[in-house]
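Contents: one structure, followed by commentary.
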Amino acid sequence: MISERGKMQRIYLELVLLAIGFVRSDVAVTRAQDPLVVNSKTIALKLENSRVRVLEATLKPGDKEKTHSHPAYVIYVIAGGKVRTHGTDGSVADAEFKTGDVIYREPVTHWAENVGNTTIRLELVELKQ
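Below is the structure:
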């Protein structure tokens with residue numbers, strides 16, 4: 407027969423293991439949606455520290471990204487063009503990035519495609535908590 411203390415220790419251990427499982431699955435999902443991982447042909451790491459991660463995205467005409475996520479971030483448009491963004495909720499939005507634009511965006515999971523005839527180049531500054 408298991409004592410009350412033994413039961414509490416077992417429940418505590420099960421909760422810890424459950425929590426570790428959630429953390430590990432969150433890491434896997436985050437990595438699976440990391441633009442550097444899923445879009446390695448179009449996105450390059452320029453800088454990373456404890457406060458920001460800076461990415462450079464290059465989308466040639468017709469390029470389509472895979473679904474990925476960003477925390478809150480700032481976009482600086484090096485070379486503009488026409489882009490279509492697809493949200494995970496099914497929303498689709500067309501936009502034109504103009505060279506020199508600076509845009510703030512809230513956290514998002516999406517994918518984009520270059521629907522114009524120019525190569526789009528962007529610096530993305532992801533903000534860390």
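Numbering (my numbering), first residue to last: 407 to 535. Beta carbons are placed, not taken as given, at the ideal position from N, Cα and C, and that holds for glycine. Computed from a predicted model, the values in this text were never measured in an experiment.
query, result
"Per-residue DSSP class, three states only, for residue 444", "helix"
"Cα-Cα separation, residue 477 to residue 535", "9 Å"
"Residue interval of the beta strand (DSSP E) (run including residue 469)", "Premise fails: residue 469 is in no beta strand (DSSP E) and is neither H nor E."
"Status (buried if at least 16 other CB within 10 Å, exposed otherwise) for residue 457", "exposed"
"Residue 445 vs residue 492 beta-carbon contact at 8 Å", "no"
"Residue 454 classed as buried or exposed, judged by whether at least 16 other C-beta atoms fall within 10 angstroms", "exposed"
"Sequence-distant residues of the same chain with beta carbon closer than 6 Å to residue 501, five excluded per side", "489"
"Residue 481 versus 439, 447 and 459, residue with shortest Cα-Cα distance", "459"
"Minimum C-alpha distance to residue 508 - residue among 409, 463 and 483", "483"
"Beta-carbon gap between residue 479 and residue 530 smaller than 8 Å", "yes"
"Cβ neighbour criterion (16 or more within 10 Å) applied to residue 451", "exposed"
"Residue 512 in three-state terms, based on DSSP", "coil"
"Alpha carbon of residue 461 to alpha carbon of residue 532, nearest angstrom", "8 Å"
"Length of the line joining the Cα atoms of residue 468 and residue 519", "7 Å"
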